[in-house]
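Read the structure below first, then the notes.
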Amino acid sequence: MDESILRVRIVMALLLGAHNECRDMILEAANELWLQLHVKRDLAQNIKKQRRCPHVEEQMH
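Read in our numbering, the sequence shown has 36 at position 36, and its numbers run on one by one without any break.
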């Protein structure tokens with residue numbers, strides 16, 4: 001598991017306790033961060049694929 005994803009999970013478990021008044025705000029920010037992490041990961045994977053196989057990009061266009 002990616003280290004940044006593991007960190008997010010640990011922090012979320014701590015912050016989303018039953019008595020946290022900021023729970024909704026934390027959830028919204030965490031969801032946005034989660035989305036950004038996945039978008040960045042997907043972009044990085046696509047760039048790696050393009051570097052390995054530049055002819056694949058040409059076939060897609």
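By construction, the Cβ of each residue, glycine as well, lies at the ideal position given by its N, Cα and C atoms. All of these numbers come straight from a predicted model, not from anything done at the bench.
Endpoints, alpha helix (DSSP H) assigned at residue i
i	result
Asn46	Arg23 to Arg52
Leu16	From DSSP, Leu16 is part of no alpha helix (DSSP H); its letter is neither H nor E.
Cut-off 7 Å between Cβ atoms - residues of its own chain near residue i, not counting five sequence neighbours on either side
i	result
Leu15	Ile26
Closest residue to residue i among the options (Cα-Cα distance)
i	options	result
Asp2	Ala13, His19, Gly17 and His38	His38
Ser4	Gln50, Ala30 and Arg51	Ala30
Val8	Gln45, Leu43, Trp34 and Lys40	Trp34
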